[in-house]
Structures are given as structure tokens and as C-alpha cells.
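Trainee:
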Amino acid sequence: MRRQPPLDGLRALAACGVLAYHVYNTTVPHIGRQPWPLRAGVVLDSLGAMGVNCFFVLSAFLLTRPFLQWLLTDARRPALRRYAATRLLRIFPAWWVVLAAMATLYAPGVLHQYTQLALFSTLTQNYADLGHRIVPHGWTLCVEISFYALLPLSAIAAARPLRRLHPSRRPAALGAGLVAITALAWAYELGKLPGVPTSGPAALSLPMYLDRFTVGTLAALYVASGRTPAPRRCFGAAALLTVLTFAAVPSMRFQITTLAFGLSVLGLASSRDSLPKRVAGARVPAHLGLISYGIYLWHLPLKYLAERLGWLNPGHGVQTLPAIVLLLAATVAMAELSWRLIEQPALGLARRRPSALGRRHYQWRADPGTGIAALVRGDRGRADRVPLVLPRPDAERLSAAFRE
Numbered sequence: 012m013r014r015q016p017p018l019d020g021l022r023a024l025a026a027c028g029v030l031a032y033h034v035y036n037t038t039v040p041h042i043g044r045q046p047w048p049l050r051a052g053v054v055l056d057s058l059g060a061m062g063v064n065c066f067f068v069l070s071a072f073l074l075t076r077p078f079l080q081w082l083l084t085d086a087r088r089p090a091l092r093r094y095a096a097t098r099l100l101r102i103f104p105a106w107w108v109v110l111a112a113m114a115t116l117y118a119p120g121v122l123h124q125y126t127q128l129a130l131f132s133t134l135t136q137n138y139a140d141l142g143h144r145i146v147p148h149g150w151t152l153c154v155e156i157s158f159y160a161l162l163p164l165s166a167i168a169a170a171r172p173l174r175r176l177h178p179s180r181r182p183a184a185l186g187a188g189l190v191a192i193t194a195l196a197w198a199y200e201l202g203k204l205p206g207v208p209t210s211g212p213a214a215l216s217l218p219m220y221l222d223r224f225t226v227g228t229l230a231a232l233y234v235a236s237g238r239t240p241a242p243r244r245c246f247g248a249a250a251l252l253t254v255l256t257f258a259a260v261p262s263m264r265f266q267i268t269t270l271a272f273g274l275s276v277l278g279l280a281s282s283r284d285s286l287p288k289r290v291a292g293a294r295v296p297a298h299l300g301l302i303s304y305g306i307y308l309w310h311l312p313l314k315y316l317a318e319r320l321g322w323l324n325p326g327h328g329v330q331t332l333p334a335i336v337l338l339l340a341a342t343v344a345m346a347e348l349s350w351r352l353i354e355q356p357a358l359g360l361a362r363r364r365p366s367a368l369g370r371r372h373y374q375w376r377a378d379p380g381t382g383i384a385a386l387v388r389g390d391r392g393r394a395d396r397v398p399l400v401l402p403r404p405d406a407e408r409l410s411a412a413f414r415e
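So the number in our numbering is just where the residue sits in the sequence shown, counting from 1, plus 11.
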């Protein structure tokens with residue numbers, strides 16, 4: 012999957028927002044109850060959750076696009092073994108390191124509780140009502156992993172009925188289904204479905220956050236349908252939704268700001284130029300987005316360390332801004348190490364071993380011109396189908412470049 016720097020910049024903003032929330036939630040307790048103007052307390056109190064929601068929208072937008080291409084056209088189905096291996100190698104190696112550090116430093120007793128350790132190691136702790144223990148922010152990864160598992164299953168289930176429709180009708184049918192699922196998810200989240208539990212393990216389950224993923228998928232569907240979003244309209248509508256939400260209906264702030272995130276993603280993914288796209292895609296925010304997973308994983312362990320050493324004190328509001336700056340600097344350094352030493356090598360394994368991930372092999376013969384032209388045009392399906400006449404090392408290098 013080719014990286015999109017503006018989307019990386021948005022991911023960096025979300026990660027920094029979650030970090031800032033956890034700092035001032037310590038230095039200024041009960042910030043949502045402060046009598047500040049313009050509902051500032053409610054906005055700040057929501058920043059962490061909104062950052063997580065942005066992650067979910069982005070994940071859905073990026074990961075569903077190959078499956079949408081398959082459902083809407085006659086393209087080949089994405090390789091499921093490759094998809095699964097790439098997702099697992101992206102999430103688990105860095106997670107296991109953070110889990111080991113947190114368990115050793117702050118919860119050594121869990122090292123002898125093998126059932127709990129197994130749940131956390133497999134990111135299934137939410138379903139045992141252990142979501143906020145040991146690594147408190149790890150519950151979001153459990154939701155993310157659940158979506159990873161649901162995505163290909165949902166695509167396979169939707170394939171047969173969609174294939175019965177004319178290709179021109181498939182986007183509308185799929186969009187209507189996604190809108191219906193979003194509405195149902197909102198009803199569930201707001202407690203409008205009698206008899207359906209929303210507390211305990213259900214509070215941190217995928218259904219409670221399903222609308223974040225369906226909104227991201229709707230944004231991906233808009234792009235996959237061949238439409239070009241107008242950035243100015245997307246960003247304007249997103250800003251208007253956010254302001255109106257906190258001013259008029261803060262009780263639905265997470266649901267409506269999720270729509271705003273979907274619009275923002277559309278604006279940043281547009282082929283048209285815009286100021287927000289240039290800012291988000293600049294070198295620094297794009298790189299912070301590249302290592303944002305490490306920022307997200309490591310900021311809480313470092314914050315707890317700062318509290319243990321007496322460098323960060325609960326209730327000391329004067330520490331808020333310097334603590335955010337210093338913690339961000341330390342976290343970025345740790346995230347950089349995580350990216351270089353753990354995450355990048357793990358992803359490199361996924362890219363270097365196509366045979367282990369279910370990619371088909373082809374004999375390297377016949378006409379090279381057709382296959383190279385397909386590579387240049389970005390026609391993945393045709394490039395995969397057309398064999399090339401190249402020496403084996405050159406063929407492997409071209410294949411690696413194509414996968415990047």
C-alpha cells in the first residue's frame with residue numbers, strides 16, 4: 012500500500028492529541044467539569060477519544076480500498092494470507108514489547124496469571140472485561156484487530172449479492188448498506204436498542220465503535236467509485252459539523268465528529284491541492300504519522316515513568332504545557348527506535364516473503380513490455396497476470412518496488 016503523506020499527517024495529529032489528553036487529564040483532573048467558555052472543557056475532555064476515532068476512520072479508509080475494488084469491479088480478490096500476515100506483523104511485535112515492559116514495571120503479578128497474559132498477548136482482553144488493565148490504551152488495539160478480522164469476512168459475504176448487480180449499481184447498493192449499518196451502530200451506541208447490553212465487555216467491543224469504521228469505508232467507497240472530492244467543501248463541512256456538534260449537541264459529539272473525520276480524510280486524499288493537504292503532508296507531520304503507532308504505544312508507559320520519578324504530579328496544572336512538550340519529545344525518540352528496530356523489520360518481513368504470504372508465483376517469460384507498461388500505469392491486476400522476461404534478481408527487485 013503506497014503511503015499518503017497528508018493522511019500520515021492526520022494520523023500524527025491524532026496521536027499527539029491522545030498524548031496531550033493523557034497529560035492534562037493528570038495535571039488538570041476532571042477537566043470536563045471546568046467552567047470554561049465555549050465548552051472548552053468538553054472539547055478537551057473529548058480529545059483523546061476523538062483521536063482514537065480518527066485512527067479507526069483512517070484504518071477503515073486505507074484497508075477497505077482493495078476489497079472495495081474487488082467488490083465493485085472484476086479485479087482479483089486481495090490475497091487474504093498476505094493481508095492477515097501484514098496486519099499481524101504490523102500490530103503485534105511492537106505491542107508485545109510494550110506489554111512486556113508494562114507488565115514488568117507496573118504489573119508484575121500478571122506474569123504468573125497465564126490466562127490474562129494470553130488474553131493480552133492476543134489482544135482479546137476486552138472480551139474478558141480487562142480492557143483498561145496493564146496497558147490501559149491497549150483496548151483500542153483489541154477493537155482494531157477485531158475490525159481486521161471482520162473486514163475480509165464481510166467482503167466475502169457481500170461479494171455474492173453484489174456480483175448479481177450491474178457494476179453501475181454496486182456502489183449505491185454498498186453505500187446504502189453501510190449507511191444502514193452506521194445508523195444501527197449509532198442506535199446501539201446511544202442506548203436506543205432495548206435489551207442489548209452496552210456495558211461491561213460490550214462497552215469496549217467492535218460494535219460500540221463500528222460507525223467509525225463504516226464512515227471510513229464510506230469515504231473509501233466514494234473514492235473507489237471514481238469521484239474526486241473537493242477539498243474546500245470537505246474541510247468546510249468538517250469544521251462546521253465539529254463546531255455545531257459541541258455548541259448544540261455535545262451528547263452526540265463522537266458520532267458527528269466521526270463524520271467530520273471522514274470528510275477530512277476525503278479532503279486530504281483528494282488529488283486536488285489544498286493548504287491543509289500541504290500542511291499535513293509536510294515532512295515533519297508525515298514522518299510523525301509514519302511512527303505514530305509507536306507514539307501511541309509508548310506515551311503512556313513514559314508518562315507513568317515520569318509520575319513514578321516525581322517529574323509529573325497530579326493536580327499541578329502549571330506542568331501541563333511543559334509536560335506535553337517533554338513527553339512528546341521522549342515519546343517520539345522511543346517511537347523512532349520502535350519503528351527502526353521492531354516495526355520496520357517486521358513489515359520488511361511481510362514484503363520480502365511473498366511466498367509465505369500467499370502471493371502467486373509466475374514463470375518469468377513472454378513479452379516484458381506489456382507487464383512493465385501495466386506496472387507503470389498502476390494496473391496491479393494486469394501486472395500480476397502478465398509474466399516478464401527478466402533475470403531473476405531484476406524481477407524480484409521490480410516485484411518489491413511494485414509491492415511498495
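By construction, the Cβ of each residue, glycine as well, lies at the ideal position given by its N, Cα and C atoms.
Fair warning: this is a prediction, and the values are worked out from it, not measured in the lab.
Between which residues of its own chain and Pro296 is the CB-CB distance below 6 Å, once the five residues before and five after are set aside?
Mentor: Gly20 and Ala23.
Trainee: Residues in its own chain within less than 6 Å of Leu274 by CB, not counting five upstream and five downstream?
Mentor: Closer than 6 Å at the Cβ level, and outside the excluded window around Leu274, lie Cys245, Ala248 and Ala249.
Trainee: Unbroken alpha helix (DSSP H) runs of length 4 or more, entirely within the segment 167-241: which are they?
Mentor: Qualifying alpha helix (DSSP H) stretches, in chain order: 181-200 and 221-235.
Trainee: For Glu200 and Val63, what's the separation of their Cα atoms in angstroms?
Mentor: One C-alpha to the other measures close to 16 Å.
Trainee: If we ignore side chains and look at the alpha-carbon of each, how far apart do Ala31 and Gln124 end up?
Mentor: Whole-angstrom Cα-Cα distance: 33 Å.
Trainee: Between Leu83, Val276, Met263 and Gly328, which lies nearest to Pro172 when the distance is taken from Cα to Cα?
Mentor: Residue Leu83 is the option with its Cα nearest to Pro172.
Trainee: By a C-beta neighbour count over all protein chains shown, 10 Å radius and 16 as the cutoff for buried, is Ala26 buried or exposed?
Mentor: Label assigned to Ala26: buried.
Trainee: Identify the continuous alpha helix (DSSP H) that holds Pro420 and give its terminal residues.
Mentor: Examination of residue 420 is not possible in this model, given that the chain is present from 12 through 415 alone.
Trainee: Which residue wins for smallest C-alpha separation from Arg87, given the options Phe78, Ala95 and Arg93?
Mentor: Minimum Cα distance to Arg87 is reached at Phe78.
Trainee: Express the C-alpha separation of Pro333 and Leu58 in angstroms, rounding to a whole number.
Mentor: So the two alpha carbons sit approximately 18 Å from each other.
Trainee: With a 10 Å radius around its C-beta and 16 neighbouring C-beta atoms as the bar for buried, classify Gly326 as buried or exposed.
Mentor: The residue in question, Gly326, is exposed, as its Cβ has fewer than 16 Cβ neighbours within 10 Å.
Trainee: Compute the Euclidean distance between the alpha carbons of Leu339 and Gln127, then round it to the nearest angstrom.
Mentor: C-alpha separation (whole angstroms): 30 Å.
Trainee: Straight-line CA distance for Ala317 to Leu232?
Mentor: Rounded to whole angstroms, Ala317 to Leu232 spans 44 Å at the Cα level.
Trainee: Less than 9 Å separating the beta-carbons of Phe67 and Phe224?
Mentor: Result yes, Cβ atoms of Phe67 and Phe224 sit closer than 9 Å.
Trainee: Touch check for the segment 348-361 and the segment 103-112: three-plus C-beta pairs under 8 Å?
Mentor: Result yes; three or more Cβ-Cβ pairs closer than 8 Å.
Trainee: Where Gln136 and Ala184 are concerned, what is the direct C-alpha to C-alpha distance, given to the nearest angstrom?
Mentor: In a straight line, the C-alpha of Gln136 is about 35 Å away from that of Ala184.
Trainee: Kindly indicate which residue of Ala361, Leu299, Thr331 and Leu360 has the alpha-carbon position closest to the one of Ala344.
Mentor: Ala344 has its Cα closest to that of Leu299, out of Ala361, Leu299, Thr331 and Leu360.
Trainee: How is Gly321 classed by DSSP in three states: helix, strand or coil?
Mentor: Here Gly321 sits in coil by DSSP.
Trainee: Closest to Met263 by C-alpha separation, out of Gly227, Asp222, Ala280 and Arg93, would be which residue?
Mentor: Met263 has its Cα closest to that of Asp222, out of Gly227, Asp222, Ala280 and Arg93.
Trainee: Would DSSP call Pro296 helix, strand or coil?
Mentor: Reduced to three states, the DSSP call for Pro296 is helix.
Trainee: Quick test of the definition: if touching needs 3 or more C-beta pairs under 8 Å, does the segment 175-183 touch the segment 142-161?
Mentor: Cβ pair count under 8 Å is below three, so no.
Trainee: Quick check: the Cα distance between Thr75 and Asp140, rounded to an integer number of angstroms?
Mentor: So the alpha carbons of these two residues sit roughly 29 Å apart.
Trainee: What do you reckon, are the CB atoms on Val234 and Thr269 nearer than 9 Å?
Mentor: No, the pair does not count as a contact, with Cβ atoms beyond the cut-off.
Trainee: Provide the residue span of the alpha helix (DSSP H) that contains Ser275, from first to last.
Mentor: Taken as a continuous stretch (DSSP letters only), the alpha helix (DSSP H) holding Ser275 covers Arg264 to Ala280.
Trainee: Do Thr37 and Lys314 have their beta-carbon atoms positioned less than 9 Å apart in this structure?
Mentor: Yes, the Cβ-Cβ distance between Lys314 and Thr37 is below 9 Å.
Trainee: Could you check the C-alpha separation between Gln355 and Leu286 for me, to the nearest Å?
Mentor: The straight-line gap from Cα to Cα measures roughly 30 Å.
Trainee: Between Asp56, Thr256, Pro40 and Arg98, which has its C-alpha nearest Leu358's C-alpha?
Mentor: The shortest Cα separation from Leu358 among Asp56, Thr256, Pro40 and Arg98 belongs to Arg98.
Trainee: Nearest to Leu18 by alpha carbon, out of Leu277, Leu91, Thr342 and Asp85?
Mentor: Ranking Leu277, Leu91, Thr342 and Asp85 by Cα distance to Leu18 puts Leu277 first.
Trainee: With distances taken between CB atoms, is the gap from Ile42 to Gly28 smaller than 9 Å?
Mentor: No, they are not a contact pair.
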